[in-house]
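Only one structure is covered here, and it is reproduced in the block below.
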Amino acid sequence: MVTTIETETYNEETTAPAAEPTTTPFPSCLNPIVNPDLPVTINLTQLSFGEGFLPNKSIEINGVVLAKPYLFGFYLFEDGVKYKTADMPLYFKPLFRRPPYVVCTNWIRNRGFGSVEKYGNFPFKAGQPFILEFVAEPKNTIDIYINNEHFVTFSRVDLSKISQLYIEGKDTIRVNSLTLCPNQVRKPRTTTVKPTTPTKEPTTTPPHPCLNPIVLLNPQIQESP
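Written as structure tokens, this is what we have:
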């Protein structure tokens, strides 16, 4: 269920209560990797991802929620400084409250936050791994998948000038890997074929592969101020 509230009722939360972070090992990782420290700002153009979050591009985060989560955030924004000179077409923030929910909105210079969409059906759990994927679609649209299930479609403003990615949440998540795909990528779609025999199993169309993935397993990324 989606609840839309007005801009002025939204106050951003950026810090967690003082507490020692507890790290839960990623249960299915055979060869553990060193995660990038959070928060981080990643210049997408310097990594050959190119400017703009355009159709068929995708970003995938493979990580784990820590034992005492509070919040984490994923933001796509343009050249400049976030909340000052750079428009932010996507602001995605899961909040581990009671009940927990996910906030989706955007931020524009001289205007602030747009209307806020809040989503329940919270898919993140303490101590559990997750896969968070953002797939660019036509008409300035982003499809968001969590653990290979479609979570929400977000469409608000122009995505053609996005050049930076910011991730926060050092007390909430550990990022094991970050994959940037500048090529065609699609989720598998399951369809039911009209039977010509008594029973016919659903068929699955395989996803188009990412031809040139940019995989950051241990990225040397400058920590955000």
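Position 211 (the sequence shown) corresponds to 211 in UniProt numbering; numbering is contiguous.
The C-beta atom is built at its ideal place from N, Cα and C for all residues, glycine as well.
Whether residue i touches residue j by CB criterion (8 Å)
i      : j      : result
Val102 : Pro94  : yes
Gly169 : Phe72  : yes
Ala136 : Leu165 : no
Gly50  : Pro182 : yes
Cys214 : Ser48  : Inspection of the sequence shows that residue 214 is occupied by Ile rather than by Cys. For Ile214 and Ser48, yes; Cβs fall inside 8 Å.
Phe134 : Ile142 : yes
Cys104 : Tyr83  : no
Gly52  : Ile162 : yes
Leu180 : Ile61  : no
Glu78  : Ala86  : yes
As assigned by DSSP and simplified to three states, the class of residue i
i      : result
Thr153 : strand
Val34  : Confidence is the limiting factor: at Val34 the pLDDT is only 39, short of 50, which leaves the residue's position unreliable and the question unanswerable from this model.
Thr105 : strand
Leu47  : helix
Gly80  : coil
Pro27  : Here Pro27 scores only 32 on pLDDT, less than 50, and its place in the model should not be relied on; the value that follows carries that caveat. If DSSP states are grouped into helix, strand and coil, Pro27 belongs with coil.
Phe53  : coil
Gly112 : strand
Unbroken beta strand (DSSP E) run spanning residue i, endpoints
i      : result
Asn121 : Note, Asn121: premise wrong, no beta strand (DSSP E); not H, not E.
Pro182 : Looking at the DSSP string, Pro182 is not in any beta strand (DSSP E), and its letter there is neither H nor E.
Pro129 : Pro129 to Glu137
Lys68  : Where Lys68 is concerned, there is no enclosing beta strand (DSSP E), given that its DSSP letter is neither H nor E.
Asp143 : Thr141 to Ile146
Backbone CA spacing between residue i and residue j [nearest angstrom]
i      : j     : result
Val175 : Lys57 : 20 Å
Asn121 : Pro99 : 10 Å
Gly114 : Val40 : 24 Å
Phe130 : Gly63 : 6 Å
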